[in-house]
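The structure appears right after this line, and notes come after that.
Residue numbers (our numbering), protein chains in the order written: chain F, 187 to 269; chain Z, 70 to 228.
See below:
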C-alpha cells in the first residue's frame, strides 16, 4: 500500500468516525441547550411576525386598490363621499 | 380590555386608517378556520373521550356539546371584541373594533354585534359594500351597532 492510499483510507475512516460518533453528540447537545432553543424560538417568532406584517401591508394595499376600482366603476369622486 | 389599543389610535383618523373590506374579510376567514378547527377538536375530544371511557356516547352529552358549540361563535366574537377589541383574525390582520369615537366596546354592544353579524351573515356581507363609500369605511353592521374597525398601528411605528 502506498502512502497516498494509506492517507485516503485513514481520512475516510476518520470522517466516518466523526459522522457516526461526534456529530450526533454535538447535535444532541445543541438541541438540548436552552440558549439554542430560545434562539430558534425567537427566530421562528420573528419569521411569523414578518409574514403577518407582510400580509397586513398587502391586504391594506388591496383595500385601497379595490376601493379605487369600485369608485371608478361607480364614477364617484372622493370629494362627494365626505360625511 | 381594548382600551389600550383603541386609545392609542387618535380620534382624528384619515380614511386610510380605517380597515377596508379585504382586510376585514381575510380576518373573518381566519376566524372561521380557527373556530372550525377549535369546534372539531372540542367535539372530537369530548365525544371521542366519552366513547373511549364509557364505551358509548350518551344522548345528553351530544345535546350539551351541540348546544355549547352552537354558542361558541357568538361568544368567541363577543368576548374577543369586548376584551381585546380583536379576534384571532383581527390580531393576525392588525385590525380592531371600537365604538365610534375610539372608545372600547362594552360587552352588551360586542354581544349584539356578534349576534347580528352571525344571524344575518349574508346581510352583513352585502352591507360590507357600504364601506366602499362610507368615509370611515363602515359596513352596515358597524352603522347599526355604532362601531368602526381600524388598523392597529404597528409597534414602534410613528403615528
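The C-beta atom is built at its ideal place from N, Cα and C for all residues, glycine as well. These numbers come from a predicted model, not from an experiment.
Check, Outcome
"Bounding residues of the alpha helix (DSSP H) (the contiguous stretch that carries residue 182 of chain Z)", "176-188"
"Contact list for the stretch 128-156 of chain Z against chain F, Cβ threshold 8 Å", "none"
"Inter-residue spacing [alpha-carbon to alpha-carbon] between residue 115 of chain Z and residue 163 of chain Z", "33 Å"
"Separation of residue 144 of chain Z from residue 125 of chain Z, as counted between CA atoms", "30 Å"
"Buried or exposed (CB count within 10 angstroms, at least 16 for buried), residue 173 of chain Z", "buried"
"Continuous alpha helix (DSSP H) assignments of at least 4 residues falling wholly in the stretch 113-180 of chain Z", "128-152, 157-162"
"Cβ neighbours of residue 138 of chain Z in the same chain (closer than 8 Å, five flanking residues each side left out)", "108, 111, 112"
"Buried or exposed (CB count within 10 angstroms, at least 16 for buried), residue 214 of chain Z", "buried"
"Residue 228 of chain F - DSSP class collapsed to helix/strand/coil", "helix"
"Under 7 Å from the C-beta of residue 95 of chain Z: neighbouring residues of chain F", "245"
"DSSP state of residue 221 of chain Z mapped onto helix, strand, coil", "coil"
"With 16 other Cβ atoms within 10 Å as the buried cut-off, status of residue 209 of chain Z", "buried"
"Near-chain F residues of the stretch 161-193 of chain Z - C-beta to any C-beta below 9 Å", "161, 162, 163, 164"
"Residue 213 of chain Z: first and last residue of the uninterrupted alpha helix (DSSP H) it sits in", "209-214"
"Any C-beta of chain Z under 9 Å from that of residue 257 of chain F", "yes"
"Continuous alpha helix (DSSP H) stretch holding residue 196 of chain F: start and end", "189-203"
"Residues of the stretch 210-244 of chain F with Cβ closer than 8 Å to any Cβ of chain Z, in chain order", "238, 239, 241, 242"
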